[in-house]
Amino acid sequence: MAGAMLAAGWRSVKGHPFRAPASGAAAYNGTRAGEDRARIWPCRNNEFARASTQEDTMRHGLTGPKRRPPQQPLNPTRPAGARERYPGARCSAIAGRAVRVPTWPRWLGPLVVAQVLLWAPAGAMERVTVQRQGGRLVVEGRLVTEAADGGLLLLARDGALWAIQPDELVRRESTDVPFQPLDRDELAELLLKELPAGFRVRRTAHYLICHNTSPAYAHWCGSLFERLYMAFTNYWSRRGFELKKPEFPLVAIVFSDQRSYVNYAQRELGKAAASTIGCYSLRTNRMAMYDLTGRGSRLAVRSPAQINRMLSGAEAFRTVATVVHEATHQIAFNCGLHQRYSDCPLWFSEGIAIYFETPDLTSPRGWRSVGQVNHQRLARLHRYLPRRPADSLQRLITSDDRFRDTSQALDAYAEAWGLTHFLLSHHARQYVAYLERLAQKPPAVMDDPATRLREFQEAFGRDLRKLDEEFLRYVARLR
Ligand SMILES: [Zn+2]
Numbered sequence: 001m002a003g004a005m006l007a008a009g010w011r012s013v014k015g016h017p018f019r020a021p022a023s024g025a026a027a028y029n030g031t032r033a034g035e036d037r038a039r040i041w042p043c044r045n046n047e048f049a050r051a052s053t054q055e056d057t058m059r060h061g062l063t064g065p066k067r068r069p070p071q072q073p074l075n076p077t078r079p080a081g082a083r084e085r086y087p088g089a090r091c092s093a094i095a096g097r098a099v100r101v102p103t104w105p106r107w108l109g110p111l112v113v114a115q116v117l118l119w120a121p122a123g124a125m126e127r128v129t130v131q132r133q134g135g136r137l138v139v140e141g142r143l144v145t146e147a148a149d150g151g152l153l154l155l156a157r158d159g160a161l162w163a164i165q166p167d168e169l170v171r172r173e174s175t176d177v178p179f180q181p182l183d184r185d186e187l188a189e190l191l192l193k194e195l196p197a198g199f200r201v202r203r204t205a206h207y208l209i210c211h212n213t214s215p216a217y218a219h220w221c222g223s224l225f226e227r228l229y230m231a232f233t234n235y236w237s238r239r240g241f242e243l244k245k246p247e248f249p250l251v252a253i254v255f256s257d258q259r260s261y262v263n264y265a266q267r268e269l270g271k272a273a274a275s276t277i278g279c280y281s282l283r284t285n286r287m288a289m290y291d292l293t294g295r296g297s298r299l300a301v302r303s304p305a306q307i308n309r310m311l312s313g314a315e316a317f318r319t320v321a322t323v324v325h326e327a328t329h330q331i332a333f334n335c336g337l338h339q340r341y342s343d344c345p346l347w348f349s350e351g352i353a354i355y356f357e358t359p360d361l362t363s364p365r366g367w368r369s370v371g372q373v374n375h376q377r378l379a380r381l382h383r384y385l386p387r388r389p390a391d392s393l394q395r396l397i398t399s400d401d402r403f404r405d406t407s408q409a410l411d412a413y414a415e416a417w418g419l420t421h422f423l424l425s426h427h428a429r430q431y432v433a434y435l436e437r438l439a440q441k442p443p444a445v446m447d448d449p450a451t452r453l454r455e456f457q458e459a460f461g462r463d464l465r466k467l468d469e470e471f472l473r474y475v476a477r478l479r
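What follows is the structure, given as structure tokens:
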């Protein structure tokens, strides 16, 4: 992370000054650990230790026996054939060239491999003291799931997911204080403390736009995202799927220039960050991007309409589509279309993001481009068809491997878009039923290919070959 951001990551909690470490590659945050003195600890990937200013008012005590929700089968063993990888990888793309990048830390793996014993969808706050990299930190949040080996997946008050390994766990307290996400002001304050000096926060109905670019560009981003949000929620509502309101404010971090963005994004994406335009992290729940006009904060005054004109060229249009794509992921994962900690086939989540990614820069209210033919993806799909193997559809829906293989990813994205377009056009009712089924998936349980296939067939019919033929006829007619 950039030195400036690293320095800004230090803050005081209740009068305990923190000092920057002599060395360190990541950003840091700190808080108090119970009665411990304030101390410095390095947090991986700048995770938040969300302890709070309400610390003194919290009551402590163990909660009652662990319960699982009604209808939720206990899952004492890992399902046969379940994969050992959490589906945390989300796409990022540049100028239409999709790049698969991991956004989930490797250290989540052991938690997911372990057996899932408990599912706690709501309830009281947990306070967990974690020993990590030579220091201690406290994380407050809602327990998402607990592994048989004692590992925890915790949803913190700022919306970040924490995977805590058993050997990191120092103390765990279950309180009777209801889980309460940070409100907009609290989260904005937290973000400004983490980000370098010069950042400001623009608030819209659903977003906190943290930026150090021009106010006009931040305004433009907020307007773009809000219009997308409206279009997205209206679209699914019309099809009988009611989205829920986001539990957390939706955070977008907009850097004035690409270099600053890359410095930030490489914590999640590694070297791949340099070839991306924006990203959404399942772990932090934030989007990050940079000013696509290339003017950044140097441009003191520029109206949103002028920015629209600047970004309406063919090349710029595709970069805006990439940002919209990531914003669609964020909305989908925050409004109940997908779950951040559950299995969701990549063809499904990517198909939806591409379905919505074509930006509508002209309409101040609506978003008329939802479901428009994505000509770039269609052209790719048409080029793929002559060499498309007979089991292409089955491989797409049962495995994410094609998306993870750079030699196949673009074809997989194109086919995912085509399949989504086809199903929403010809099998919308079944698609929504399938969507509802996926949205109910328990956390941290990865379906095996057989389960994915069975559930797809139960939604769209057992005759996959017939459906595939119908799909190909549909694609051939698309222009
Ligand atoms: Zn994507």
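Under the working numbering, think of the first position of the sequence shown as 1, with each following residue one higher. Every residue gets a Cβ at the ideal spot worked out from N, C-alpha and C, and that includes glycine. Treat the numbers as computed from the prediction; the structure is a model and nothing was measured.
Leaving aside the five residues that flank P178 on each side, the residues in its chain whose CB is nearer than 8 Å to its CB run, in chain order, G123, A124, M125. The beta-carbon separation of I354 and R377, rounded to 6 Å, stays under the 8 Å limit for a contact. DSSP places I277 outside both helix and strand once states are collapsed to three, so it counts as coil. The Cβ atoms of Q430 and F460 sit closer than 7 Å to each other. In this structure, the C-beta of E357 stays at least 6 Å away from each heavy atom of ligand 1. At least one heavy atom of ligand 1 is found less than 6 Å from the C-beta of A353. Using a Cβ distance threshold of 7 Å, T213 and I277 do not count as a contacting pair.
Relative to ligand 1, even the nearest heavy atom lies 6 Å or more away from the CB of E268.
By the neighbour-count criterion, in which a residue is buried when 16 or more other Cβ atoms sit within 10 angstroms of its Cβ, A428 is exposed.
When DSSP states are grouped into helix, strand and coil, P249 belongs to the coil group.
When the beta-carbon positions are compared, M289 and Y280 stay at least 7 Å from each other.
Ligand 1 has no heavy atom closer than 6 Å to the beta-carbon of E415.
Taking a contact as a CB-CB distance under 8 Å, the pair L161 and R340 counts as one, their CB atoms being some 6 Å apart. With a threshold of 16 other beta carbon atoms within 10 Å, A205 falls short and is exposed. 7 Å or more divides the Cβ of W236 from the Cβ of I307. Looking from the CA of R200, the closest CA among I253, V320, G240, R227 belongs to I253. Listed as beta-bridge partners of C210 by DSSP are V201, I253. In this chain, the alpha helix (DSSP H) harbouring A433 covers 428-439. A direct Cα-to-Cα measurement between F456 and A416 gives close to 14 Å. In this structure, G141 lies near A156, with their beta-carbon atoms less than 7 Å apart.
Rounded to the nearest angstrom, the gap between the Cα atoms of L137 and R171 is 10 Å. W347 has its alpha-carbon roughly 6 Å from the corresponding atom of L396. Under DSSP, I164 takes part in a beta bridge, and its partners are L152.
K244 is positioned such that its CB atom lies no closer than 7 Å to that of C344. Listed in chain order, the non-local C-beta contacts of V324 below 8 Å within the same chain comprise L224, L228, F356, E357, T358, P359, local neighbours out to five positions each way being set aside. Scanning A231, R127, L143 for the CA closest to the CA of L361 turns up A231. Each residue's CA atom was taken as its position, placing S256 and R239 some 38 Å apart.
When secondary structure is reduced to three states using DSSP, D401 falls in the helix class. Taking a contact as a CB-CB distance under 8 Å, the pair P443 and L153 counts as one, their CB atoms being some 7 Å apart.
Nearest neighbour of A188 by Cα position, chosen from L435, C210, G198, P181, turns out to be C210. In the structure shown, S174 adopts extended strand secondary structure according to DSSP, grouped into three states. With contacts defined as CB atoms closer than 7 Å, R387 and L410 fail to qualify as a contacting pair. Note that the C-beta distance between L292 and L269 is not below 7 Å.
If one requires a minimum length of 4 residues, the alpha helix (DSSP H) runs lying completely within the region 210-246 are 215-238, in chain order. For G135, DSSP records a beta bridge to R132. M289: member of the beta strand (DSSP E) spanning 286-290, first to last residue.
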